[in-house]
Structures are given as structure tokens and as C-alpha cells.
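**Q** Quick note, the sequences are listed as chains P and E, same order.
Under the working numbering, residues 8 to 223 are what the first sequence spells out, in order.
Under the working numbering, residues 8 to 223 are what the second sequence spells out, in order.
Here it is, the structure in full.
2 protein chains.
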Amino acid sequence: MSNDTDPISVAVVEDVTQVREGLALLISSSDGFDAIGAYDSAERAIEAFATRPPDVVLMDIGLPGMSGIEATRLLKERWPSVQVMMLTVYEDDDRIFRSLQAGATGYVLKNTSPTDLLHDISTLNRGGSPMSSSIARRVVETFHATPPSEPGEEPLTKREEEILALLSEGFRYREIADKLTIGIETVRTHIHHIYRKMHVRSRTEAAVKYVRRTSR
Amino acid sequence: MSNDTDPISVAVVEDVTQVREGLALLISSSDGFDAIGAYDSAERAIEAFATRPPDVVLMDIGLPGMSGIEATRLLKERWPSVQVMMLTVYEDDDRIFRSLQAGATGYVLKNTSPTDLLHDISTLNRGGSPMSSSIARRVVETFHATPPSEPGEEPLTKREEEILALLSEGFRYREIADKLTIGIETVRTHIHHIYRKMHVRSRTEAAVKYVRRTSR
DNA sequence: GCTGGAATCCCACGAAAGGGGGATTCCGGC
DNA sequence: GCCGGAATCCCCCTTTCGTGGGATTCCAGC
């Protein structure tokens, strides 16, 4: 059980010496924070964590050898309670999402001020997910429902939607027909129409489109 | 083109009079903010926006009549540039995600301090996505990849993963074989292994599992 | 009352996909 | 050096799909 006076132990993984040491200095010289390690590669950091894992890791993405994203995945596997905050210059969707998928719970840009960074570390440690504002916006935007109909996509009828749903679950024509108590030929006809409207040529393509559309 | 001196116009939608007026007072009495309206229902707010939509809307969720989430959807449809921030006591996943899907770009809890709230409004207006820290964490957690292996799921080899990805895009065996410059029989063998490991019996089932796993 | 879309059913044909075998080569770990 | 997994290739046989027609019924909107 920790209390107010327990400093947050922080490790830095960053290959550029100057940045790494600057961060370590900032952290160790701040009240309530304890820099317990600064490493120039993910491999070295992981090695050191075997002895003592930190509360929080500031992780660069562009590292020599194992990337910061890969390292995050490994870290979270071995030490699930370690909180990883990506600290990087990248703000492309791909890196953001792969980082979060890997288990990072914070994602801040390197242009963050020292004060804000310390604040973010402490937020992370308290169970929040600090993100630079542009990052947060990107994350939130992935939730926005896609417009009712994609350009050029004709809407499906009720019955077609129904059949598409079953199709996506892998049911055979025969099974769909039985479920809906209609003939298999009817099912085939509906599916033809679905394919034409969705511009696909196989059930798999249709299913993938459907799943992407429904599961956000 | 706005500049530093243009106040951010804010509307409040909140059915509890005391809260509504408190917010309006806070906003109108703060530098850089302009309370242009406070409404006790979504319907009334929408009516008023026809005359002048605000930059930012603080939206309660639990409203009489149309819910704040429904209202957000409508608002974003008619005035896409309006920034909606949910301001609520709820922090269940369902309300959070439905709000974000509806187009909200901020989600803060009502226990937020006045200072922080003003800061959040301004962050929202600058293109960020302010979220209370517990909310941000929930949002981020939805990105976490499902544990490396679901119970009873054997891991796929590199080659199998590769083929599964192509399979999910709807490529035929022949096309996959050509892309990877291997024989079609090899493709078939890999796919058999994939199906066995994933406990599925068709490419569609495999594709759906794959898509759900990768696209969050 | 006509028109058109939705939903239903039918047929035939060829192309894919799925299931079950078996086999070889390569490589890394014990 | 042996073993096992990964990756490769091969064959046979059955089922399911995808495509391209055509047809009927029902109902709502004009």
C-alpha cells in the first residue's frame, strides 16, 4: 500500500543521451518522483527491470533494436502493473494505436513542458491516461460512428441486413434458410443483392465490411 | 479566423436549474468565455442553435425528453463544427462510448473543478479532447489487444498470420499463393492449420475473428 | 389501378473451398 | 546427432459458393 510520501519510481527508455539524461535529471530532482533507471535500449531496460520494475516507464518509440512498441508489449506481459507512457514525436494514427494496443496507457508528445510531464506521470500513476490533446482527439475520433451510408453504397433492406448478419457469423446458406424459415434459393438471391450493393464478390469480404461497420 | 481575444461561445444544456445557472455564471464571468445560452432540454437548445450555434456545448446526459447523447448526434449532424463536451456523473462504458460515437469530443465528470472545466473547454475549442482521467483510461483500455492467446487458442506461426491476413481480405487461395510465391497446396495446408488452431470451419469465421482481434 | 421494390422460390453450371490423408526440407534446441 | 515444429508441396473427394438467368406474390405510393 503506497501513501502520499512514496515517490513514484520512473524509468526512462530513450536512445538520445541528452534527452535521456535531461529527463532523468528532471524526474530525480522533482519532489515525489524517483528516477530509478535510464536506458538507451529496450533490451537493457528489460534486463534491469528483472531486478526492480518501476511504477512508470517513459518509453521512446524510435529505439535502436527492439522498438518501443514491441518493448511495451513485452513489458506488459511480464509486469502487467507497470504503467507505460509513450514519449515521442510521432503522432500518426498507426503508431498511436499500435502503442495503445501494446498496452501503453499514456501517450504524450516530446514537446510537453517539464511541468506538464511530471503532472502526466502522476496522472498515469493514479490510474489515468494522459495524452497530449491532439492525441486524445485522434483516439476519440476513432469512435465516431461512420456516416450512415458510405459514398456509393446502396442501403440494404431489412431482410438483407438480417441475412448479412448471419452470413458474417459463418452460417451456411442452408442454415440461414432454416433459421429464417425461407428457402435456400431465397437466401441465395438476397446474398446476390447484398454483394452487388456492397461491391464485394465473396461472403468473406462482405463479412469483414460488416464487422468493421458494426464493431465500431 | 479567430484570435486570442475572441471569446469562446459556450452553451449549456442541463436540466437542473441550479447546476445550469452555476455553469452559465462561471462561464460568463470568466475571461475568454462567453455563455450564449443555457437550456433545460435538448429540444430547446437545438431550437436556439438554429439562430446561433455556439463554439462549444456542455451537454448533460440525463435530460428529460431527448437524451444528451441523442441530442449530440443531432447537433453534430446539423452543425458539424460545434464541439460537444459531455458533462455528466456517469462513467459507465456504455454511456461513454455511445457519447463518443454520437460525436462528442470531450467527456468530463461533474466533479471537475471550475478551473479545470474552463481549461477543458478551451482545450476542446483548440482541437483537443479533454477527458477526466478515469474516462481517458477506459477509452484507452478498449484499445488493448486481447490477451496474446484467448483461452484454448493456440498461437499462429508467422506464416499463418500472414496468410490469415490475406485470407481476411478475401483473396483466393490462388491469389495468396501468387502473392507469397508459394504453391497453392501450401496455402491450403496453412489454412487447414489456421482453422484447426482457431477452432473455425470457414474462412469467414476466421476472418471475422481476425478482424475483431486486430481492429480492436 | 399501375408501378416498383421487397421478398420469395427455382434451375444449372463452374469455380472455390474444406477435409483427410501423406511427404520432404530446413533449422534450432536439447 | 536426433527430434520437432515450421514451411513447403501433392492428391482425392465432397460440399459450398458465386453467377446468371427467370418467376411469383405482396404491398405501398403515386
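Idealized CB from N, CA, C, for every residue including glycine.
Do we get a CB-CB distance below 8 angstroms when we pair P:Met205 with the residues of chain E?
**A** Here residue 205 of chain P is taken as the residue at index 198 of the first sequence, counted from 1. So, not an interface residue.
**Q** For P:Arg210, return the contacting residues in chain E, with the cut-off set at a CB-CB distance below 8 angstroms.
**A** Counting from 1 along the first sequence, the entry for residue 210 of chain P is found at position 203. Near P:Arg210 (Cβ distances below 8 angstroms), the residues of chain E are Thr211.
**Q** With 16 as the cutoff for other CB atoms within 10 Å, does E:Ala57 come out buried or exposed?
**A** In the second sequence, counting from the first residue as 1, residue 57 of chain E sits at position 50. Exposed is the call here.
**Q** Output the distance between the C-alpha atoms of P:Thr187 and E:Ala111, rounded to the nearest integer angstrom.
**A** Walking along the first sequence from the start, residue 187 of chain P turns up at place 180. Walking along the second sequence from the start, residue 111 of chain E turns up at place 104. A small correction: the amino acid at residue 187 of chain P is Leu; Thr does not occupy that position in the sequence shown. P:Leu187 and E:Ala111: Cα-Cα distance of roughly 38 angstroms.
**Q** So is P:Thr95 buried or exposed if we call it buried at 16+ other beta carbons inside 10 Å?
**A** Residue numbering aside, residue 95 of chain P sits at position 88 when the first sequence is read from its first letter. When all chains shown are included, P:Thr95 counts as buried.
**Q** Could you tell me whether the Cβ of P:Phe56 comes closer than 8 angstroms to any Cβ of chain E?
**A** For the purposes of this step, residue 56 of chain P is identified with residue 49 of the first sequence, where counting begins at 1. It does not: the Cβ of P:Phe56 has no partner Cβ on chain E nearer than 8 angstroms.
**Q** Along the stretch 88–105 of chain P, where does the CB come closer than 7 angstroms to a CB of chain E? Name the residues.
**A** Of all residues in the stretch 88–105 of chain P, Phe104 have a Cβ within less than 7 angstroms of some Cβ in chain E.
**Q** Of all the residues that make up the stretch 141–153 of chain P, which are near chain E by a beta-carbon distance shorter than 9 angstroms?
**A** Within the stretch 141–153 of chain P, the residues whose Cβ lies closer than 9 angstroms to some Cβ of chain E are Ser141, Ile142, Ala143, Arg144, Arg145, Val146, Val147, Glu148, Thr149, Phe150, His151, Ala152, listed in chain order.
**Q** Could you list which residues in chain P have their beta carbon closer than 8 angstroms to that of E:Ser175, in chain order?
**A** Here the question's residue 175 of chain E lines up with position 168 in the second sequence. Thr211, Val215, listed in chain order.
**Q** List the residues of chain P that E:Lys81 touches, going by C-beta distances under 7 angstroms, in chain order.
**A** What you label residue 81 of chain E is simply residue 74 of the second sequence in a count that begins at 1. With the sequence shown as reference, residue 81 of chain E is identified as Leu, and Lys is not the correct amino acid for it. Those within 7 angstroms of E:Leu81 in chain P number zero; the least Cβ separation is about 13 angstroms.
**Q** How many whole angstroms separate the CB atoms of E:Asp47 and E:Val17, which I take to be in contact at a CB cut-off of 8 angstroms?
**A** Translated into the one-based positions of the second sequence, residue 47 of chain E becomes position 40. Translated into the one-based positions of the second sequence, residue 17 of chain E becomes position 10. Contact flag wrong, Cβ pair sits at about 16 angstroms.
**Q** Who are the near neighbours of P:Arg181 in its chain, counting only those whose CB is closer than 8 angstroms to its CB and skipping five residues on each side?
**A** To locate residue 181 of chain P, count along the first sequence from 1; it is residue 174. Once the five neighbours on either side are set aside, the close Cβ partners of P:Arg181 are Ile191.
**Q** Decide if P:Asn132 is buried, meaning its Cβ has at least 16 other Cβ atoms within 10 Å, or exposed.
**A** Counting from 1 along the first sequence, the entry for residue 132 of chain P is found at position 125. By the neighbour-count rule (16 or more Cβ atoms within 10 Å), P:Asn132 is buried.
**Q** At a CB-CB cut-off below 7 angstroms, which residues of chain P make contact with E:Gly110?
**A** Here residue 110 of chain E refers to the residue found at position 103 of the second sequence. His151, listed in chain order.
**Q** Let me make sure I understand the geometry here. Which of E:Ala49, E:Gln90, E:His197, E:Phe40 has the alpha-carbon closest to that of E:Ile68?
**A** Counting from 1 along the second sequence, the entry for residue 68 of chain E is found at position 61. That would be E:Ala49, whose Cα lies nearest to the Cα of E:Ile68.
**Q** Could one say the Cβ of E:Leu163 lies closer than 8 angstroms to chain P's Cβ atoms, at least one of them?
**A** Position 156 of the second sequence, counted from the start, is the residue given in the question as residue 163 of chain E. It does not: the Cβ of E:Leu163 has no partner Cβ on chain P nearer than 8 angstroms.
**Q** At the 8 angstroms Cβ level, is E:Leu107 part of the contact set with chain P, yes or no?
**A** Indexing the second sequence from 1 puts residue 107 of chain E at position 100. True, the Cβ-Cβ gap to chain P drops below 8 angstroms.
**Q** For E:Leu125 and E:Ile34, I'd like the C-alpha separation in whole angstroms.
**A** Start at 1 with the first residue of the second sequence, and residue 125 of chain E comes out as number 118. Start at 1 with the first residue of the second sequence, and residue 34 of chain E comes out as number 27. Each residue's alpha carbon lies about 7 angstroms from the other.
**Q** Please report the straight-line C-alpha distance between P:His82 and P:Ile43, rounded to a whole angstrom.
**A** As a working note, residue 82 of chain P is residue 75 in the first sequence. As a working note, residue 43 of chain P is residue 36 in the first sequence. Position check: residue 82 of chain P holds Leu in this sequence, whereas His was assumed. For P:Leu82 and P:Ile43, the distance between alpha carbons rounds to 16 angstroms.
**Q** How far does the alpha helix (DSSP H) with E:Ala49 in it extend, from its first residue to its last?
**A** Taking the first residue of the second sequence as position 1, residue 49 of chain E is located at position 42. It spans 49–56 - the alpha helix (DSSP H) in which E:Ala49 sits, taken as one unbroken run.
**Q** How about the stretch 134–152 of chain P and the stretch 95–110 of chain P: do they share at least three Cβ pairs that are nearer than 8 angstroms?
**A** Yes, the stretch 134–152 of chain P is in contact with the stretch 95–110 of chain P.
**Q** Using a cut-off of 8 angstroms between C-beta atoms, extract the partners of P:Thr130 located in chain E.
**A** Residue mapping note: residue 130 of chain P aligns to position 123 of the first sequence, counting from 1. Under the 8 angstroms cutoff, chain E gives Ser140.
**Q** Are the beta-carbon atoms of P:Ile183 and P:Phe40 separated by less than 8 angstroms?
**A** Residue numbering aside, residue 183 of chain P sits at position 176 when the first sequence is read from its first letter. Residue numbering aside, residue 40 of chain P sits at position 33 when the first sequence is read from its first letter. Taking 8 angstroms as the Cβ cut-off, P:Ile183 and P:Phe40 do not qualify as a contacting pair.
**Q** Per DSSP, what are the beta-bridge partners of E:Met138 in this structure?
**A** As a working note, residue 138 of chain E is residue 131 in the second sequence. Paired residue(s): E:Tyr114.
**Q** Please go through the same chain and pick out, in chain order, the residues whose beta-carbon is closer than 7 angstroms to the beta-carbon of E:Gly72, but skip the five residues on each side of it.
**A** As a working mapping, residue 72 of chain E is identified with position 65 in the second sequence. Here the set comprises Ser48, Ala49, Glu50.
**Q** List the endpoints of the continuous beta strand (DSSP E) containing E:Phe178.
**A** Here residue 178 of chain E is taken as the residue at index 171 of the second sequence, counted from 1. Element bounds for E:Phe178: n/a, residue is neither H nor E.
**Q** Starting from E:Thr211, follow its DSSP beta bridges and name the residues at the other end.
**A** Within the second sequence, numbered from 1, the residue matching residue 211 of chain E stands at position 204. In DSSP, E:Thr211 forms no bridge with anything.
**Q** Could you spell out the range, first to last residue, of the beta strand (DSSP E) harbouring E:Phe104?
**A** Mapped onto the second sequence, residue 104 of chain E falls at position 97. Careful: E:Phe104 lies outside any beta strand (DSSP E), inside the alpha helix (DSSP H) at 100–109.
**Q** Would you call the stretch 132–146 of chain E and the stretch 114–124 of chain E in contact, with 3 or more CB pairs under 8 angstroms?
**A** Touching, yes, given that three or more Cβ pairs across the two stretches are closer than 8 angstroms.
**Q** Measuring only between beta-carbons, confirm whether P:Val115 sits less than 8 angstroms from chain E.
**A** By 1-based counting over the first sequence, the position of residue 115 of chain P is 108. Chain E contact via Cβ: absent.
**Q** With DSSP as the reference, identify every bridge partner of P:Leu65, one or two as the case may be.
**A** As a position in the first sequence, residue 65 of chain P is number 58, starting the count at 1. According to DSSP, which records beta bridges pairwise, P:Leu65 is partnered with P:Val19, P:Met92.
**Q** Classify P:Pro137: buried if its beta carbon has 16 or more other beta carbons within 10 angstroms, exposed otherwise.
**A** Within the first sequence, residue 137 of chain P is the residue found at index 130, counting from 1. The residue is buried, with at least 16 neighbouring Cβ atoms inside 10 Å.
**Q** Using a Cβ-Cβ cut-off of 8 angstroms, state whether E:Ile170 counts as contacting chain P.
**A** On the second sequence, residue 170 of chain E is found 163 positions in, with the first residue counted as 1. Answer no: the Cβ-Cβ gap between E:Ile170 and chain P never drops below 8 angstroms.
**Q** Rounded to whole angstroms, what's the CA-CA distance from E:Ser88 to E:Gly134? Just pull it up for me.
**A** Here residue 88 of chain E refers to the residue found at position 81 when the second sequence is read from its first residue. Here residue 134 of chain E refers to the residue found at position 127 when the second sequence is read from its first residue. Rounded to the nearest angstrom, the two C-alpha atoms are 11 angstroms apart.
**Q** Measuring only the C-alpha atoms, how far is P:Thr221 from E:Arg80?
**A** Your numbering for residue 221 of chain P matches position 214 in the first sequence. Your numbering for residue 80 of chain E matches position 73 in the second sequence. Going from the Cα of P:Thr221 to the Cα of E:Arg80 covers about 17 angstroms.
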